[in-house]
Amino acid sequence: MNQETLRNLLERVARGELSPEAALEELRFLPFEDLGFARLDHHRGLRKHFPEVIYGPGKTVSELKKIVASFLEKDLPLLVTRVSPEAVEALLREFPTLEYHERARLLGHRPREQEARGLVAILSGGTSDLPVVEEARVCAEYFGNRVEVLTDVGVAGIHRLLPEVPKLRQARVLIVVAGMEGALPSLVAGLLDRPVIAVPTSTGYGANFSGLAPLLAMLNACAPGVAVVNIDNGFGAAYLASLINQLPEEVHGTHP
272 MNQETLRNLL
282 ERVARGELSP
292 EAALEELRFL
302 PFEDLGFARL
312 DHHRGLRKHF
322 PEVIYGPGKT
332 VSELKKIVAS
342 FLEKDLPLLV
352 TRVSPEAVEA
362 LLREFPTLEY
372 HERARLLGHR
382 PREQEARGLV
392 AILSGGTSDL
402 PVVEEARVCA
412 EYFGNRVEVL
422 TDVGVAGIHR
432 LLPEVPKLRQ
442 ARVLIVVAGM
452 EGALPSLVAG
462 LLDRPVIAVP
472 TSTGYGANFS
482 GLAPLLAMLN
492 ACAPGVAVVN
502 IDNGFGAAYL
512 ASLINQLPEE
522 VHGTHP
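Counting along the sequence shown from 1, when you hit position 140 you're at 411 in my numbering, and nothing is skipped either side.
Structure follows, in structure tokens:
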């Protein structure tokens, strides 16, 4: 259930096209649906930015099938993150309309096309960070944002980034993904007057500590305006960026 669906339902009742009893039946699973092993928060689309996003690991294929079926029956937008190849194969066999984004490890369903709003720019330090970049990109697009991706512009060759600064000024918010020492978000925040969401990745050699080194570096960024999400958390970065990007115009000003 989201605001558009609820509004359409109430308008149908007001026009006499749907009885109150039938509307009540459609609302029966609000605010949640108890599947026994999970309580699906179908109310989330009304009070938050997007319906509940399903985290794939730890769930059996059978459980994922029941969750996906519930979303599809209600024609809700659906995102399942970090899906294993085995689960993907089984889910696509049963639900062939799902979209699979292999590099991002995401399964999704979009009931209808929506107009993309604003601009979220996603930058990556190196091509090894692309799985996290792809997770951020796909999620941000599902959340209704225009997205532009700029890859392989890390600090080891900063001349690759500088010509893109005028283009980046068109974005309302930037997601900056980097591993190794994680210096790129601080540099970008020093160049631009836009919020920067830093995503540390587990890309790097031993002293990277599976992403802990860039996480700490980003938390200690000397440039103001940097927020940091968890290691490899492209989804979390996309969600926060979307909330910022889709604030009303009177909050943002006149930026495109």
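Here a beta-carbon is modelled for each residue, glycine too, at the ideal position from N, C-alpha and C.
Range covered by the beta strand (DSSP E) that runs through residue i
i, result
"Val420", "Asn416 to Leu421"
"Ile468", "Val467 to Pro471"
"Ala498", "Val497 to Val499"
"Gly379", "Leu377 to His380"
"Val351", "Leu349 to Thr352"
Length of the line joining the Cα atoms of residue i and residue j
i, j, result
"Lys330", "Ile338", "10 Å"
"His526", "Leu518", "Summary for His526: the model assigns pLDDT 47, below 50, so the residue's position carries little reliability; its value from the coordinates is reported in the next sentence. Cα-Cα distance, rounded: 12 Å."
"Glu521", "Arg431", "Any reading at Glu521 needs caution, since the residue's pLDDT is 49, under 50, leaving its predicted position unreliable; the model's value is listed next. Taking the straight line joining both Cα atoms gives about 34 Å."
"Ala427", "Leu514", "31 Å"
"Val284", "Glu292", "10 Å"
"Val447", "Gly496", "12 Å"
"Asn516", "Met489", "22 Å"
"Ser341", "Gly453", "40 Å"
Inter-residue CB distance, residue i and residue j (contact presumed, cutoff 8 Å)
i, j, result
"Phe366", "Leu343", "6 Å"
"Val409", "Leu439", "So it is not a contact: roughly 21 Å between Cβ atoms."
Sheet register partners of residue i (DSSP bridge)
i, result
"Gly475", "Paired residues: none, contrary to the question."
"Val448", "Ser395 and Val470"
"Ile502", "Per DSSP, none; premise fails for Ile502."
N-terminal and C-terminal residue of the alpha helix (DSSP H) that residue i is part of
i, result
"Glu357", "Pro356 to Glu365"
"Leu511", "Gly505 to Asn516"
Within 9 Å, strictly: CB atoms of residue i and residue j
i, j, result
"Val424", "Leu455", "yes"
"Pro466", "Gly475", "no"
"Gly327", "Val351", "yes"
"Ile468", "Leu511", "yes"
"Ala494", "Ala460", "yes"
"Val499", "Arg443", "no"
Chain D contact for residue i (CB, 9 Å cutoff)
i, result
"Pro348", "The displayed structure is made up of one protein chain only, and chain D is not part of it."
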